[in-house]
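Asker:
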Amino acid sequence: MRVIASSAGNFLRKHVYVAFILPALLIYVVFLVYPLLSSLYYGFFQWDGITRGAFMGLANFKKLLAESPYNVRFFSALKHNIHFFLMTMAVQNLVGLAFALILSRGIRGASVYQTIFFMPYTMSVIVLGFLWSLILNPTWGVFNKLLATVGLSGLARPWLGDMATALPAITLVNAWHWVGFPMLVFLAGLEAIPAELHEAARLDGAGGWKLFRRITMPLLMPSITIVTILTFIGNFNAFEIIFAMEGSSGGPYYATDVLGTLFYRTAFGEAGGFSGQDIGLGSAIAAVMFVIIFAISYLGTRFMRSREMQY
Amino acid sequence: MVPAQSSIRNWTRTACTTGLHVMLLAYSIVVLYPFFLMIVTSFKSTREIFFSPFGLPAQPGFETYLKVWKNASFNVYFANSAIITGVSVLLILAVGSLAAYGLARYNFRMNTAIYLFFLAGLMLPIRLGIVPLFLLMKNLNLVDTRSALILTYVANGMPFAIFVLTGFFRTLPGELEEAARLDGCGEFMIFHRVMLPLIRPALATVTIFNFVPLWNDLFFPLIFIRSDALKTIPLGMTLFFGQYETEWGLLFAGLVIATIPLATLYLFMSRQFIKGLTAGAIK
Amino acid sequence: MDGKMRGFLTSPTVLLVLLALVTLSVLSVLPGPPVLSGLPVGRALAAEKVELTFWSWRTEDTVAYDKFIKAFEAKHPEITVKFMPYKNTEYNTILSAALQGGSGPDIVQLRSYGGFEPYAEAGYLVPLDEKVPALKDFPAIPLSGARDRKDGKVYGVPFAVQSLQIFYNKGIFSKFGLKEPRTWDEFLDVCKTLKSKGVIPLAQGTKDGWTLESMTGAVAPNFYGGTQFFNEVVKGKADFRDPRFVAGLKKLKELEPFFPPGYLGISYTDAQMMFVQEMAAMFIGGSYEVGYFNRQNPALKLGVFPAPPQKKGEPALVSVYPDGSFGISAQTKHLKEALLFINFLAAREFGQMFTDELKQISPIPGVTPVPGVMTEIVGLTKSSTPYIMLVGFRYGQPTGSVLLQNALQGMFAGKLTSEGVADEIHAGLVKWYQPFHK
Chain R
9 MRVIASSAGN FLRKHVYVAF ILPALLIYVV FLVYPLLSSL YYGFFQWDGI TRGAFMGLAN
69 FKKLLAESPY NVRFFSALKH NIHFFLMTMA VQNLVGLAFA LILSRGIRGA SVYQTIFFMP
129 YTMSVIVLGF LWSLILNPTW GVFNKLLATV GLSGLARPWL GDMATALPAI TLVNAWHWVG
189 FPMLVFLAGL EAIPAELHEA ARLDGAGGWK LFRRITMPLL MPSITIVTIL TFIGNFNAFE
249 IIFAMEGSSG GPYYATDVLG TLFYRTAFGE AGGFSGQDIG LGSAIAAVMF VIIFAISYLG
309 TRFMRSREMQ Y
Chain Z
110 MVPAQSSIRN WTRTACTTGL HVMLLAYSIV VLYPFFLMIV TSFKSTREIF FSPFGLPAQP
170 GFETYLKVWK NASFNVYFAN SAIITGVSVL LILAVGSLAA YGLARYNFRM NTAIYLFFLA
230 GLMLPIRLGI VPLFLLMKNL NLVDTRSALI LTYVANGMPF AIFVLTGFFR TLPGELEEAA
290 RLDGCGEFMI FHRVMLPLIR PALATVTIFN FVPLWNDLFF PLIFIRSDAL KTIPLGMTLF
350 FGQYETEWGL LFAGLVIATI PLATLYLFMS RQFIKGLTAG AIK
Chain D
38 MDGKMRGFLT SPTVLLVLLA LVTLSVLSVL PGPPVLSGLP VGRALAAEKV ELTFWSWRTE
98 DTVAYDKFIK AFEAKHPEIT VKFMPYKNTE YNTILSAALQ GGSGPDIVQL RSYGGFEPYA
158 EAGYLVPLDE KVPALKDFPA IPLSGARDRK DGKVYGVPFA VQSLQIFYNK GIFSKFGLKE
218 PRTWDEFLDV CKTLKSKGVI PLAQGTKDGW TLESMTGAVA PNFYGGTQFF NEVVKGKADF
278 RDPRFVAGLK KLKELEPFFP PGYLGISYTD AQMMFVQEMA AMFIGGSYEV GYFNRQNPAL
338 KLGVFPAPPQ KKGEPALVSV YPDGSFGISA QTKHLKEALL FINFLAAREF GQMFTDELKQ
398 ISPIPGVTPV PGVMTEIVGL TKSSTPYIML VGFRYGQPTG SVLLQNALQG MFAGKLTSEG
458 VADEIHAGLV KWYQPFHK
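Quick note, the sequences are listed as chains R, Z and D, same order.
The first sequence begins at 9 in our numbering and counts up one residue at a time.
The second sequence begins at 110 in our numbering and counts up one residue at a time.
The third sequence begins at 38 in our numbering and counts up one residue at a time.
1. What are the boundary residues of the alpha helix (DSSP H) that includes K107/D?
2. Counting only runs of 4+ residues fully inside the region 110-183 of chain D, write out the alpha helix (DSSP H) ranges in chain order.
3. Please report the distance separating the alpha-carbon of L258/Z from that of E97/D.
4. Tell me which residues of the region 283-314 of chain D have at least one Cβ-Cβ distance to chain R shorter than 9 Å, keeping chain order.
5. Does A353/D come out as helix, strand or coil in the three-state DSSP assignment?
6. Are there 16 or more other CB atoms within 10 angstroms of the CB of P472/D, so buried, or fewer, so exposed?
7. Give the straight-line distance between the Cα atoms of D170/R and G451/D, rounded to the nearest whole angstrom.
8. Using beta-carbon positions only, say whether W221/D and P343/D come within less than 8 Å of one another.
9. Only counting runs of 4 or more residues, tell me where the alpha helix (DSSP H) segments fall wholly within the region 174-208 of chain Z, in order along the chain.
10. Can you list, in chain order, the residues of its chain whose CB lies under 8 Å from that of I228/Z, leaving out five sequence neighbours each side?
11. Between which two residues does the beta strand (DSSP E) harbouring N206/D extend?
12. If the cut-off is 7 Å on Cβ atoms, which residues from the region 215-227 of chain Z count as contacting chain R, listed in chain order?
13. Chain D partners of I342/Z, CB-CB under 9 Å?
14. Judging by CA-CA distance, which residue of E157/Z, R279/Z, A367/Z and I235/Z is the nearest neighbour of N216/Z?
15. Roughly how far, in whole angstroms, is the beta-carbon of S438/D from the beta-carbon of R431/D, given that I think they are within contact range, below 8 Å?
16. Cα-Cα, which of F204/D, P406/D and R219/D is closest to K338/D?
17. Can you name, in chain order, every residue of its own chain whose Cβ lies under 7 Å from the Cβ of W324/Z, other than the five neighbours on each side?
18. Between V26/R and chain D, is there a C-beta pair that is closer than 8 Å?
19. For the ligand SAM, any of its heavy atoms closer than 7 Å to the Cβ of E351/D?
20. Helix or strand or just coil, what does DSSP make of Y358/D?
21. Mind pulling the chain D residues with CB within less than 9 Å of V252/Z?
22. In whole angstroms, what is the alpha-carbon distance linking T126/D and L231/Z?
23. Per DSSP, which residues does E88/D bridge with? Please list them.
24. Using DSSP bridges, identify the partner residues of L239/D.
25. May I ask you to report which of helix, strand or coil DSSP gives S112/R?
26. Shortest alpha-carbon distance to P155/D belongs to which of A183/D, D166/D and K173/D?
27. Anything in chain D within Cβ reach of L168/R, meaning under 9 Å, just list it in chain order.
28. What would DSSP say about L76/D, mapped onto helix, strand or coil?
29. Tell me whether the beta-carbon of V145/D lies closer than 8 Å to the beta-carbon of L132/D.
30. Can you tell me where the beta strand (DSSP E) holding S421/D begins and where it ends?
31. Can you round the beta-carbon distance between G246/D and Q446/D to whole angstroms, since I take them to be within the 8 Å contact cut?
32. For the alpha helix (DSSP H) holding D460/D, just list the boundary residues, first then last.
33. Which residue wins for smallest C-alpha separation from L260/Z, given the options P77/R, L155/R, A32/R and L73/R?
34. By DSSP's criteria, T59/R is part of a beta bridge. Which residues make up the other side?
35. Taking only beta-carbon atoms, is E127/D less than 8 Å away from chain Z?
36. Are K286/D and A459/D touching if we call contact CB-CB under 8 Å?
Here's what the structure looks like:
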């Protein structure tokens, strides 16, 4: 016993980092990695409702990717995830960048604006989904009434019920929730750029756009990488906001159906009991999601980091 | 000639600044309006909610709040939310900063692999693991306890905490450590006394980024918690949404009770937090 | 233990981790303040008192269920029953996780047909045929909703039958001199008149897909031929691409001009509110609405009629379905007490209370419906047909309900024709519905 204890002590003395890392690793492996892996493993089985049946290899994956109508739903959800991501990049992150550029110029009240713009982050998705559904409601919603008061009633729409506007509307609400995040990251990036660089460039005769293009942008690349990757991961895991505003089918007529909602209703059944659950197929969806998210964030980070190196 | 030109420049400058302020103010309204709507609506009758969504309540009263706070046991839910969120965040900070320190300041063979192993957890929808996780909690006899939630939350919080904190620890100069070591400090002392205080802004960031989603989480309490005495606020709120009917007045009062503490906390902490996020995000 | 090791054990790192673990274990022993103080005393007082837990998705009925339970407890003082409602949309997830983890309730509220079968077939439920004698006298349709197709055993005591029809506002109708329509054309005329007077004829929206399934259940059976078509399609002699079914969908589409403006974005709760607050004259929906309508606006004079057929004299069918049933978890430690309670739930006394309190149709024989609209609705169910997707096509993935609900959203959005809806339903069902493979 003594020998073991002392050798363990010696080991730890030599490898003191183990003592630092172990508690986190233990909790992480037991309560996150293990359940997730066993769940992925379920994807290789036949499931009859909630009872696990025979091992069936890749059959669930084949069904998901190659069999109609399952693959139709899968690829449509994937497409919506991509749209969601691109629109978020174009709206939320560009607006965040614009706010950061404005606020970094030392405008009066900048810190108050920062605080306000980040505040929606504290609201829960159930609450904000509910409030925005009310605001965008075609009958009692404030938004369409506002359009009418400024003489734009022609633009009024059932925003969340119209197939063409549902996903963009969700993207905007999601941007409302999150815009403070890219704003703060970009602000940090801008503050880290030495003022002398701008001065030097200005002396060389560089004007606004050129200055931004040649100096600000390249030096902001690390922030852009972080924001892009986190946006990607966040958007490909999206579930709650769509569930709260459009239900578990991602309505209307699957117009807002993303991988997160597809996974949820397949693995746990349609909310409201309209369908049972298929844990095998659901687990297959999650496995594919994991591969997509992991591969793209890995490759994306490498690519964007290599772009950073050029400057 | 010269003064005139500069006054024109000043004038355009002022116009430009004013324009920016108008824009920023307009967006501030967009941000604040839903908060305002929620509070005003909580004082309205059901009919008013739908038929005068713009208007102010005719007879504002606090009965809905009293009803929600007492009858719907929101006082109990509130305490549970506070305990569960508080303990989870403290543990995330403690366990996460230890691990981040180990990963950032020691060179060993598996270092990068372990770091990436933690980061991979950022990418999976954890809901997927719910059935095995539930079985695990069941076997540990933890179903219907606060610990089930706390352990789940701590495990979930690890990837982000380690991501942010490792980045921070890496930026600290190595001389600090060397100096402390020469002074005869043990490894933990160096971590605790020298390095940890230096990453305080990062700890604030990790706090806010965990506190908010944990406070608002509905999914895990839904699965793990049974007793009324252990319910959290989001779980308590679901009782206002019926299958075919909804208690609008109570619902909005519940929404306010769920949202305001967090928003207030944020307003108090925002300076520290923004500093942490802006200082840490690009590292 | 040598000095070094002792040094390691007392090092702050380890202490911190130990502290964390101790905190956790203390927290798990102390489930919560009320329990902490109440548990030992409560145990001692009620040494032989058995507590049954009873899970439900009817959060809005808590008060009523507490009343029912009081009536039961008065007869059986040795048993207490705890009613625990969960949010409707999350109920399945919670129940599955709990049953798989072996920590479910004693009494379970079960959905009908395909909704409960996975639980029965996994052995999570107690078959009740012999254990609940009253089941013998239950009518066949409600009972079929709780009967497993494979072993033919009944796993639940049905609690309510729902039917789908058209509600109307008697005040608005008499103001414009309108009568309950008897034919489809009269119905469209009523709608046109209301619209010309500036009243929204039908409070319907398409944002929540499931309300479209209810509308189909109310409107389409007269046109697809009711139970005859149902039987053919269940046996695989016909499928959903049949012109009769498509004709039913076309009729649904004819109502579109009479929906409220922006109906694509109108949710179920919006539609309820429009009807209850008398903005709209009619509401196509389920019998379960009556209680809520009454409570929200007691002044509303509620009338009801079945969706009218094409010609006068043809039967006006309403779709009916058993809403669900009460079952016993096979994991219960108190089977005897659970059976006492389940038998109470199958008795006429409970059925009458259930009907009176909740204004719903009880399937228990001998129960008198509440006078007024509820009695009228029970009258309408004399000419009924099975609610097609729920009764016949919720056994596999994707279910007929999900296919129909989403495809109809596509139809109202102008993305699909009624033939397209039918094709999409068939393409989904043919994946798992064996009779369609012939």
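The beta-carbon is built from N, C-alpha and C at its ideal position, and this holds for glycine as well.
Note that the structure is a prediction, hence the values are computed from the model and not measured.
Answerer: With the given structure in hand:
1. T99 to K112
2. 128-137, 154-158 and 177-181
3. 27 Å
4. Look at the region 283-314 of chain D: the residues with a C-beta under 9 Å from a C-beta of chain R are P297, P298, G299, Y300, L301, G302, I303, S304, D307, M310 and M311.
5. coil
6. exposed
7. 10 Å
8. At the C-beta level, W221/D and P343/D stay beyond 8 Å of one another.
9. none
10. In the sequence under discussion, the amino acid at residue 228/Z is Leu, which differs from the Ile named in the question. P268, I271 and F272, listed in sequence order.
11. V194 to N206
12. So the list reads Y215, F217, I223 and F227, given in the order they occur along the chain.
13. None at all; the shortest Cβ gap to chain D is about 14 Å.
14. R279/Z
15. 6 Å
16. F204/D
17. Apart from sequence neighbours up to five positions away, the residues of its chain that approach W324/Z with a beta-carbon distance below 7 Å are S190, T194 and L371, ordered along the chain.
18. no
19. The ligand SAM is not part of this structure, which contains no ligands at all.
20. Under the three-state reduction of DSSP, Y358/D is assigned to strand.
21. A135, G138 and S140
22. 27 Å
23. Beta-bridge annotation (DSSP): E88/D is paired with T117/D.
24. M319/D
25. coil
26. A183/D
27. K244, L301, G302 and S304
28. Residue placement at L76/D cannot be trusted, given a pLDDT of 37 that sits under 50; the coordinates are not used to answer.
29. Yes; because the gap between Cβ atoms is below 8 Å, this pair is in contact.
30. S421 to P423
31. 5 Å
32. S455 to L466 is the span of the alpha helix (DSSP H), which, as asked, contains D460/D.
33. It is A32/R whose Cα lies nearest to the Cα of L260/Z.
34. D56/R
35. yes
36. Position check: residue 286/D holds Leu in this sequence, whereas Lys was assumed. Yes, the pair counts as a contact, with Cβ atoms nearer than the cut-off.
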